[in-house]
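Asks: One structure coming up, written as structure tokens, with questions to follow.
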Amino acid sequence: MKTSPSAPLSRYLSLQPDTGKPRNPTNYLVDGAACVNTDDLSGLHRLLPQVRKKTAAITDSDRLRRRLVVLADYYQESSAGDSPVRREIAFVLYYFLKGYDLIPDSIPEIGLLDDALLVESVLRRNQHALSSHWTARGRDWPEIV
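Here the sequence shown is numbered in the numbering used here, starting from 221 and rising by one per residue.
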């Protein structure tokens, strides 16, 4: 069972930002999601327990922890195949899990900042799909989002 990212996704995640090209979290997210393929999507299902374990260990930010739970729950529950929403969420969860960080997670107080920016971007871009998913399951959309 393959659980590591595909070659295109691994390459993208390991690239350092091009200093000559302005980047923002949304552009990074969109370009990264374009690298996610069907093997990455199915591999992430097998990695969700690791995502949840790393998420539960976040002590610096309850808000980030709860937002990651929302993304993991959506990913696990959704049946949207390889929709753009799932690909963006998959990219963010791989980024969070695999440690291809622009800012290493081990740096106190700021280590999860890059992860938080990507989580914020994916939530804002896909709020309608995510909140509709919650509503369809009879749940209230969490205030933290």
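Every residue gets a Cβ at the ideal spot worked out from N, C-alpha and C, and that includes glycine.
Once you ignore the five residues that flank Arg345 on each side, which residues in its own chain have a CB closer than 8 angstroms to its CB?
Replies: Excluding positions up to five away in sequence, the list reads Thr246, Leu249, Glu308.
Asks: Taking just the CA atoms, how far does Ser262 sit from Val256?
Replies: Rounded to the nearest angstrom, the two C-alpha atoms are 10 angstroms apart.
Asks: Let me know the secondary structure DSSP gives Met221 once reduced to three states.
Replies: Confidence is the limiting factor: at Met221 the pLDDT is only 48, short of 50, which leaves the residue's position unreliable, though a coordinate-based value still follows. Correct three-state label for Met221: coil.
Asks: Hey, out of Ser341, Arg357, Arg266, whose CA is closest to Asp251's CA?
Replies: Checked all of Ser341, Arg357, Arg266; the closest Cα to Asp251 is Ser341.
Asks: Round the Cβ separation of Leu313 and Val271 to the nearest angstrom and send it over; I've been treating them as touching at under 8 angstroms.
Replies: Leu313 to Val271, Cβ: 5 angstroms. Contact.
Asks: Output needed for Tyr294: all residues of its chain with C-beta closer than 6 angstroms, excluding positions within five of it in sequence on either side, in chain order.
Replies: Closer than 6 angstroms at Cβ, skipping near neighbours: Leu350, His353.
Asks: Measure the Cβ-Cβ separation of Ala253 and Phe311 and say whether it is below 8 angstroms.
Replies: The answer is yes: Cβ separation under 8 angstroms.
Asks: From Arg359 to Lys318, what distance separates their C-alpha atoms?
Replies: Each residue's Cα considered, the two are about 30 angstroms apart.
Asks: Looking at Leu291 and Val339, is the spacing between their C-beta atoms short of 8 angstroms?
Replies: Contact flag set, yes.
Asks: Once the 5 residues before and after Ile323 are set aside, which same chain residues still bring their CB inside 7 angstroms of it?
Replies: Excluding sequence neighbours, Ile323 sits near Ile330, Gly331, Leu333, Asp334.
Asks: How many whole angstroms separate the CB atoms of Thr275 and Leu288, which I take to be in contact at a CB cut-off of 8 angstroms?
Replies: So it is a contact: roughly 4 angstroms between Cβ atoms.
Asks: Give the straight-line distance between the Cα atoms of Leu233 and Trp361, rounded to the nearest whole angstrom.
Replies: Roughly 30 angstroms separates the two Cα atoms.
Asks: Using the three-state DSSP reduction, which class does Leu338 fall into: helix, strand or coil?
Replies: Note: Leu338 maps to helix in three-state DSSP.
Asks: Under a Cβ-count criterion, where at least 16 other Cβ atoms within 10 Å of its own Cβ denotes burial, should Ala336 be classed as buried or exposed?
Replies: The residue is buried, with at least 16 neighbouring Cβ atoms inside 10 Å.
Asks: Are the beta-carbon atoms belonging to Pro225 and Asp260 less than 8 angstroms from one another?
Replies: Yes; because the gap between Cβ atoms is below 8 angstroms, this pair is in contact.
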